[in-house]
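The structure appears right after this line, and notes come after that.
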Amino acid sequence: MDMQCRVSGDMELPAKRGRYQNESTQQVYECDSKPIGRVQPGLLAAKPKHGAFVTVRYQQGADHHRQEIMELIRRLQQYGNAAGERTWSVATFNPELWENWQNGQIRLEKRPEGNYLLPNSTKFVNTGGDIFFFLKSDSMDHIGRLKEMVSQQLNAFQDVSFDVQDSETGNNRVIGGLFADGLANPTDVENIDDFVITTEVDKGATGGSYMLTQKFVFNWTILDNMTRDQLENMIGRTVTDDVLVVNDPRRHTKCAHILDENGKHPLIFRQSMPYGLNKTGIGREEGAFYISCANTCQRFLDILKKLVAEEDHLISTVHAEEGSLWYVPSADELGLAPVPVREQLTLMPQWDVKSDNGYMFYNSREYMYRMTTGGYHDNTPSSRVLKLMGRVLTDWQRSWFEKTDEPLIPDLQTFLNNEDRTLLAKYDNAVPIRKGLATYYTLQHVVKTPPFSEKFDLYRIYPDELIVGVMPSFAFGLGKRVMPYLTPEEQIPAFQMGVNEGAAIGHVVPDYKVILDKGLQALIDEMENNVRSAQTREKQMFFLSAAKSLMGVKSYIESYAVLADNLSTKETFTEEQKANLRQVRDRMRKLARDKPKTFLEAVQLVFAMHCCLHIVGELISIGRLDLLLGPFYAQGQTTMEEAQEIIDCFFMKIGERTLLNRHAAQDKIFPGMCAVPYTSGGNFPQGGCMNQWGQQLTIGGYLPNDDPVPTTACNEVTLMCLRASRRLPLNAPCLTLRLHRGISQEVLEETAKTLLSGGAHPVLLHDDRLVPALQDSGRRGIPVRLRDARNYACDGCFEPVFVGASEFAFCTFPLLDAVEMALNEGTLYSQAGPTFLRGSKKSFPSPHATQIKTFKQFQDIFLQHLRLHIPLLVSFLAGGYGNIVKVCPSPLLSVMMRGCIEAGRDHSGGGTEYHDLGFMFVGGANAIDSLYAIKKLVYDPLTALTTLPDLLTCLKCDWGHNMKEYLIDVRAGTGRGEAQASFFKHLRDAAMSLPKFGHGEDAELKELATWMFENVFKILRETFENAPIGVKEIFERLEKEYSLPNRPFGFVALTGIGTFEAYVGYGLGSGASADGRRSGQPIASDLSPAPVPQDLPASPDSCSIYKALECWNLDVINIGMSCGSEVDLMIREDFPLDKLTDFLRHYSDLDVPIGSNVIAITCANPDTLEKASKKTDPYELVRVRQGGWTEFFITLFPVHQGQQRRRMYVKP
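Going by our numbering, the sequence shown opens with residue 164, and the numbers climb by one from there.
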């Protein structure tokens, strides 16, 4: 075969023009060396403005004119190269013809026999043909010249016929120009290599592809009878090219969405174009010439079968006149010079939206395009990581097409054998033994056995994965599935305590160092030895349960070795993939017995144990990963690039179960589940935490020692985690960086880049504030050692807990309640009116508003209510201690919690060394602003506008927006009520104009904040140290029941300000507040400035980051709030990198007055969030800080989005 490119002498070429100009990068060269770099030029150039489709047929026995056709193909490419304007010609062949042309040296997939592509349907035709040319260009003139070149050559053959069909001039949208085709196309190197281009494991040459064509004619009689909404429902997309969330099972996007054997969606590359003009109306095309490409014909047939089986709406409006399956030879096969990948791949306008800062990504297709074609201005993740990330991003789209349905797990009795029943009989069917068996059978059987393995998607391996295992989709907001084991007689007492088999709190950090140091089999042996040496029945049961649970982990790891072994012989995998699977097999076999020795083995074991804990209902955090892995990296066996790839893979595995479509959520919450305050009614603001798994990952900080001068724990793994968080658009793991004085500049520079990537990662905690705060939090004689205070990590949100040494529970108190009770005689007034009269009675009857003559008196009444309710809060939380261990012990978690093995006690039954109680006071900024407004509007002679009774009436009437009976008399006529409402609204304007906490330094606001927080802290501390009657008895009972020799029982009391995701939920129960907030509206997140009220335009204020944070620079916040006082800040995407780095330096070194011990920074422009609230697809990866973790903005319900859009911005 002549491989030279020649041009006939009489051919006129246009002036040469470049298609794409860009500075070359290493990434571009790398992608050109992949299979995609050998693809036929033009195949991947999507959405041209003009097109023509030429179908060629040979007469029987005719000369194939092979040499002339090959020459024509080369001349067409040369013309396109010179013409520019995205001018291409793609040549495809009947697979049998191309096999013959290659003298049998290639094996291809064949067309189905017969006139139709499916045996049981006449919907899709197989009209055959020998060669198909797809001509495309953004210039009509160039299309004309390409057609002329093809026609001239084909007309020279006497035994060849051909048809030419032009696309509709100047329009590449279908159904009257309403809808774009190909929006779901892959736009990146990795996905196209995986799904579109043939490689060594496919039938065809490397760089080839298969094409499906169908010339569809539209039935405009049917389409004319459909409204715009019905047309959108039929497609599953809007006319503005956005995803449409509807429940119609026959919508085209759902019917065309197929799943492979792993339950994942394989992609195709569509290039359909409208053609012809229909006489029934202007702008109506005759039909659509459907064209799509994949690396196997079977994928086309699978899609077509599903369209027919599910009675796709769109297919019912068309019929096919011609079409078939074709093979698309590679550039090498055609003797063509390959064209650089980036000259072909283009982003559709729908996806071509991005931040100017270079680090932030708005959507998955732009992310994959930029990362794989050289557009990212920093080092990119490895090819393996990007391939796996592409699969993750594709899998996230699944929620738009189906709702997760995870079934209930059968009762433990279903799985028990005779040996189990004998064991249970020996220990009187004790709960700890049942929990150990339930843990074992969940990990040994449920994970890998259908239908649970399929429904829960817990048992799969992709051939390129380094880290294997699958996290469950259990979340704090959606609940979890656990194996039931309680008897009917036990269920009512458990319900009364507010617990069930899923009561495990999570919110703690296990010490994974235990399993890294000892290995799994050694731990099992240790537990079995402890059973034999245990001196009490209770300890025997604890160790038996722990041993059985660890055996479940061993079975889980072994099952993945079996799966990897089975997959390693699969013919559709490359030799490299098979080798990787064999390595996975060997690694998992080893880790089922021995402790890890390499960096990769350590990461795999941590992830496997982490999966197991979550699968059995323990929604726990990861802990200090850089401290865990640093010693393995220091061995020098793993290069930095290899270690970074491993960390990237770990991050992806942690965050791969994201739910983007909030309407696809399955609510699995029931009373007794996730009993965070040791009891749970199942009702909490769960709508804001559907993607919150509690997977915090902490890096940085000080080493855990007692040295007088602390030492940084930062190492190379610290930087790897920051890079992973910056370059992978995940919401989990939620990365936390522990800052401290003198932290390295390299860490801060990488942190600034990561923050600008938009994921609100990392959250910034400060060791020089939190370490002394934690040390000072032991109560009733319980000390906190310095080395433990230095060894904290974040739990499910931002609360610091001691790694592997403390259990944790918390409860909340809305500070706005205390303001309402002080105003309204101990009563909450959101329900004031004809039903509850003055409102919901909550506290003692404090003086009526008419009797409160001074602001000082009002403050005293406010404190009196706190002095009643804080002890009630303590008694409620401490009084529930012991509930969980009676019903839902945690044997697997206890193995990695210091003190449990030594004491022979469960983590939730006095086993750990520390017992942390968190007291989170919510609505701090709203309360401060409300107190200030009351002072100014009522008591300050220079600014007062009303009296306290009138202000109370105003607030009960929701600032004049709800003038209701009991507060006014409707018999007085509308005029009087409207006049009063008008005054109330004027009063609100005055309240809104007052200074607000966090918006800049204001002495009076800061004084009020100091007063309020100091008193909250003081009252809580006194409640422990000088416990009042009712609280004291609880403490004494617990101390007597759980104290051990040389280890007295007691609590670490952690004070904090935290709403987490519940800034919407906590606002629902609060009436209108004096700061201008309407009744039921969201409150401020954590200790952040109050947002603009929800009924007002989303026009947030902005303030210097230094002036804003000076407001929080109070000792009672910085060191008093040992449970964290997170300030959630917003910055614009153009915040200068150097200025952000400078801020981090100042905050780390505390050399300027920057307040708080926890700061979170979300990077997103106001207009970015506004657009993301209206359009889903282009902004699917925009992420924001909720208050305790990161969430995808499009997943949030509109009320949560509204609060986010109204948060204050800070500037340099």
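Yeah, the Cβ is synthetic: ideal placement off N, Cα and C, and Gly gets one too.
When the alpha-carbon of A895 is set against those of L822, R953, G941, A838, the nearest one is in L822. In this structure, W251 and P204 form a Cβ contact; the two beta carbons are roughly 6 Å apart against a cut-off of 8 Å.
In chain order, L207, A208 place their CB closer than 6 Å to the CB of Q507, counting only its own chain and leaving out the 5 sequence neighbours on each side. Considering only S907, S1242, T577, Q849, the residue with the shortest C-alpha distance to N1125 is S1242.
Residue ranges of uninterrupted alpha helix (DSSP H) with 4 or more members, entirely inside the segment 679–704 and ordered along the chain, are 683–696. Residue state for R1184 is assigned as helix, using DSSP reduced to three classes. The beta-bridge partner set that DSSP reports for G786 consists of L860. Within the DSSP secondary-structure output, Q377 pairs in a beta bridge with Y453, G486. Within the same chain, A209, K210, F432, R433, Q434, S435, M511 come within 8 Å of G345 by CB-CB distance, once the 5 residues on both sides are set aside.
Distance between L1150 and P1256, taken at the CA atoms: about 15 Å.
If you ignore the 5 residues before and after D1297, its C-beta comes within less than 7 Å of the C-beta of D519, N520, all in its own chain and listed in chain order. By alpha-carbon distance to M552, the top candidate from Y625, A593, Q607 is Y625. Taking every protein chain shown into account, the CB of I1220 has 16 or more other CB atoms within 10 angstroms, so this residue is buried. Q855 counts as buried, since at least 16 other C-beta atoms from the protein chains shown sit within 10 angstroms of its C-beta.
In this structure, K378 lies near Q328, with their beta-carbon atoms less than 8 Å apart.
Considered as a whole, the segment 979–1050 harbours 1018–1042, 1046–1050 as its complete alpha helix (DSSP H) runs of no fewer than 4 residues, in chain order.
In this structure, DSSP gives S1236 a state outside helix and strand, which the three-state scheme calls coil. Minimum Cα-Cα distance from C460 among the listed residues H903, Q859, P1252, I360 corresponds to I360.
Annotation for V662: no alpha helix (DSSP H) segment contains it, and DSSP assigns it neither H nor E.
Taking 8 Å as the cut-off, the beta carbon of H903 is found no closer than this to the beta carbon of D939. In the structure shown, A972 adopts extended strand secondary structure according to DSSP, grouped into three states. Here H1032 is buried. Its C-beta has 16 or more other C-beta atoms within 10 Å.
Residue pairing by DSSP places V219 opposite I294, F325 in a beta bridge.
Only buried fits F1214, as 16 or more other CB atoms lie within 10 angstroms of its CB.
Distances from the CA of F847 to each of G715, V1227, F1198, L1313 were compared; the closest alpha carbon is that of V1227. A Cβ-Cβ contact shorter than 8 Å links D574 with P647.
Its Cα nearest to that of Q659, the residue P834 stands out among S284, G1136, P834, Q908.
Annotation: the continuous beta strand (DSSP E) that includes F256 extends over 251–256. Beta-bridge partners of Y955 (DSSP): F965. According to the DSSP secondary-structure assignment, G642 is paired through a beta bridge with A638, K831. Separation of the CB atoms of I1357 and C1326 is rounded to 17 Å, and the pair is thereby denied contact status at 8 Å. Taking C-beta atoms as the reference points, Y490 and P258 count as a pair closer than 8 Å. Each residue's CA atom was taken as its position, placing N283 and G277 some 11 Å apart. Below 8 Å, enough C-beta pairs join the segment 700–714 and the segment 1065–1079 to call them touching: three or more.
For the pair N1046 and I1064, the Cα-to-Cα distance works out to about 21 Å. Taking C-beta atoms as the reference points, C957 and S784 count as a pair closer than 8 Å.
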